[in-house]
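Residue numbers (the UniProt record's numbering): 1 to 484.
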Ligand code: NAD
C-alpha cells in the first residue's frame, strides 16, 4: 500500500523542506517503502522556532482563551473527520495492529481533546490571595497563571499520535505556541496533525510540525535555542539525560517522560489464571510501551504453576500483518529495534535465565520486523534483563517470598513509571500504595484517561503529562500586588 507524501507545517502553511528534501517511510510489517515525508534540517527548525516565537510575542494567542479553544475544537473535528485515512497511515508506519488505532494509537487521544478544552475553559487563571501587610505596605495580592512561552515537543515512535497530542493540546490550550519534532520512524503521525491544524485554520505560527530523518540534530537545536522556553520530551532515559543537561544552559523548564521497567505483582491469593493474563501487556504493540509491566513478580509457592500458565498464554498470541484484525501483535518498529531486542534475549540466555518460550525471529511468509512473544523464568532482579528497558515482547518472571519482598523487588529499579498488582483487594491496594511509581493498576484497573496525570518517579522522568497536572506544566506563575 502506498500513501501520499507529507509536508512540514510552519508559520501556518503546509510546505516542503527548504531544499525540497524528502525521506522514505518504511513499513515495519513489510520492510517496504510506503511513501515519503519532508526531511527538515536545522534551517527549517530555525523557521519553525522563529514562527512560534513571533506568534507568542506578537499575537493575542497567549491571552485569548476563546480563540485557542475554538481552534482546538476545530482541530478535534478535523482529526475526527480524517480518522479512517489517518488510522491506516499510523498503523502502516508504526506497525501497530489496526485495532490499536481504535484505542490509544488514534481514536482515544483524539477523543481526549474536548476534555482539555473544557478543563481550560473552567480553569482559574487568577486567584485572589487577599490582603497582607508586608514590610509596612498593606497589599492585595493576585496569583496569575500565564502561558509559559514557546514549547519544543520532542516525541518518540511507539505511540506517536497519543504522545504528540498529549503534549501539544495541553500546551496550546494553556496559551503556549509549539514546535513539534517527530521521531524519524513515524513522521506521518505528526504530519497529520499539521494537516488538521491547517484545515482548522490555526493562526500562523502557533503550531509548527517538523518531520526529519535526523535523529538528534533538530531536537538538539530546539533544546539549545534561547527562544524556546519549555522542552517537553518523551523517549529514552539516555536522551532525556542529554536534553536535561543541554537545556540547563538556558534554564529552560524541562518535562521528561522516560523509560520504565514496571513490575506486575501477582499475589498468592490472586485468581489464577485470570491474573496472569496481565502478561499480554508485553505483546501490546510488541512490548513497545514505556509503562508496560515487563517484570512479573510471582509468589515462590506458586512459581512453577504460574510459569506453566504464562507459557500457554504467550504461545497463544497471534501475530503478523497489522491490517488483519485477527492479529494481536504486529512487528517492532525497525530493524534496529529488532536487533536491540534480540541482543537482550541473548543477554538473558548468557545471564543464565531459563528461556521458557519464544526468543526467536519467527519464520513468517512475509518480511517484517517480528519477534516471538518471549518468556524468561528464573530471573533475578540483578540481571540486566530485569533492570534495563528492552522495549520488545519479552517478559521476565521473578520469584518473591512474601509481600514485603515483592515490594522491595518492585522498588529496586532506577525506574518508576507504571505497575500492576493482582490479589485480594485490600492487600493489593496496600501494595499499590507502597510502590514508588507514577501509575498503578490494581486488579486490572486501567488508569489511562484524559484527566489522568501520567509520568514517572525516579529516572522515569519528572513532571506530568495530561490531566490537570499536565495542563499546568505549560503555565508560569506570577503574583501581582496592588495597594490595599
Ligand atoms: P530516543 O530517546 O532516541 O528518541 C526520542 C526522540 O528524541 C526522537 O524524536 C529523537 O529523534 C529525539 N532525539 C534523539 N536524540 C536527541 C538529542 N540528542 N536531542 C534531542 N532530541 C533527540 O528514543 P528512540 O530512538 O525513539 O528509542 C530508543 C529507546 O528509547 C527505545 O528502545 C526505548 O527503550 C526507549 N523509548 C522510550 C519511550 C517512552 O515512552 N518512554 C518511547 C520510545 C522509546
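We treat Cβ as the ideally placed atom computed from N, Cα and C, and that holds for glycine.
Cβ pair residue i, residue j closer than 7 Å
| i | j | result |
| --- | --- | --- |
| residue 437 | residue 416 | yes |
| residue 229 | residue 424 | no |
| residue 195 | residue 461 | no |
| residue 274 | residue 311 | no |
| residue 90 | residue 101 | yes |
| residue 252 | residue 218 | no |
| residue 52 | residue 150 | yes |
| residue 200 | residue 65 | no |
| residue 368 | residue 29 | yes |
| residue 43 | residue 81 | no |
| residue 243 | residue 233 | yes |
Identity of the residues DSSP links to residue i by a beta bridge
| i | result |
| --- | --- |
| residue 187 | Bridge partners of residue 187: none, in fact. |
| residue 281 | DSSP output for residue 281 lists no bridge partner at all. |
| residue 233 | 154, 256 |
| residue 461 | 257 |
| residue 376 | 355, 396 |
| residue 296 | 264, 397 |
| residue 134 | 137 |
| residue 476 | 146 |
| residue 207 | 178 |
Reference residue i, options the options, closest by Cα
| i | options | result |
| --- | --- | --- |
| residue 263 | 409, 94, 147 | 409 |
| residue 419 | 369, 361, 390, 295 | 295 |
| residue 220 | 423, 236, 247, 201 | 247 |
| residue 441 | 469, 386, 293 | 293 |
| residue 364 | 331, 343, 252, 61 | 331 |
| residue 16 | 191, 290, 387, 384 | 191 |
| residue 394 | 429, 446, 261 | 261 |
| residue 345 | 382, 396, 297 | 396 |
| residue 407 | 386, 430, 387, 426 | 430 |
| residue 158 | 285, 245, 421 | 285 |
| residue 24 | 188, 71, 134, 107 | 188 |
| residue 433 | 265, 376, 59 | 265 |
| residue 468 | 88, 450, 458 | 450 |
| residue 163 | 477, 453, 242, 478 | 453 |
Residue i to residue j span [Cα, whole Å]
| i | j | result |
| --- | --- | --- |
| residue 36 | residue 352 | 44 Å |
| residue 323 | residue 96 | 9 Å |
| residue 120 | residue 173 | 6 Å |
| residue 34 | residue 184 | 14 Å |
| residue 224 | residue 116 | 29 Å |
| residue 40 | residue 288 | 26 Å |
| residue 227 | residue 301 | 58 Å |
| residue 129 | residue 146 | 17 Å |
| residue 153 | residue 125 | 23 Å |
| residue 123 | residue 68 | 14 Å |
| residue 277 | residue 165 | 30 Å |
| residue 381 | residue 339 | 23 Å |
| residue 445 | residue 135 | 53 Å |
| residue 47 | residue 222 | 11 Å |
| residue 137 | residue 148 | 30 Å |
| residue 21 | residue 2 | 19 Å |
| residue 79 | residue 239 | 30 Å |
For the structure I just gave you, are there three or more beta carbon pairs, one from the region 467-482 and one from the region 281-288, closer than 8 Å? Contact fails: fewer than three Cβ-Cβ distances are below 8 Å.
Between the region 364-372 and the region 310-327, do at least 3 Cβ pairs fall closer than 8 Å? With contact defined as three or more Cβ pairs closer than 8 Å, the region 364-372 and the region 310-327 are in contact.
The region 193-211 / the region 2-15 touching (three or more Cβ pairs under 8 Å): These segments touch.
Would you say the region 164-180 touches the region 464-474, given that touching needs at least three Cβ pairs under 8 Å? At 8 Å Cβ cutoff, the stretches touch.
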